[in-house]
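S.K.: First, the structure itself, so that you have it in front of you.
In this note's numbering, the protein residues as written are 67 to 196.
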């Protein structure tokens with residue numbers, strides 16, 4: 067795991083799959099790798115719904131990619147229900163944050179909001195039930 071400088075952040079912006087490998091030390095499944103690779107040019111991607119293949123995981127990786135590689139993003143994460151959002155994506159966001167001391171230092175995780183400690187009002191991701 068590395069601490070990103072401007073060149074690393076630019077690389078991760080263009081290749082989120084590299085961020086997953088370098089920052090989290092994880093190896094995405096082939097389909098996750100494809101979603102990650104296409105994200106910079108195709109940010110609206112549909113994934114088939116089924117239980118257990120790792121959709122929430124790849125969405126969390128993309129959430130962290132967006133928070134890290136774009137200045138002052140305002141992200142709204144939604145789901146069909148608050149329970150689904152809390153038990154799926156929000157749990158995954160916490161899981162990956164807890165693996166990386168740099169993310170813990172730079173970002174505060176709360177039950178409905180993740181924000182950059184340096185800019186709480188302008189650099190965040192919010193959980194919003196549909």
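Glycine included, every Cβ here is placed at the ideal spot set by N, Cα and C.
State the beta-bridge partners of residue 179 as determined by DSSP.
M.R.: Paired residues: 192.
S.K.: Go to residue 144, then tell me how far its beta strand (DSSP E) extends in each direction, as first and last residue.
M.R.: Start and end: 140 to 145.
S.K.: On the DSSP letters alone, give me the boundaries of the alpha helix (DSSP H) that residue 77 sits inside.
M.R.: Here the alpha helix (DSSP H) through residue 77 covers 72 to 80.
S.K.: Expressed to the nearest angstrom, what Euclidean distance is found between the alpha-carbon atoms of residue 136 and residue 103?
M.R.: Spanning the two alpha carbons is a distance of roughly 17 Å.
S.K.: Exposed or buried, what is residue 183 when buried is set at 16 or more other beta-carbons lying within 10 Å of its beta-carbon?
M.R.: Residue 183 is exposed by the Cβ-count criterion.
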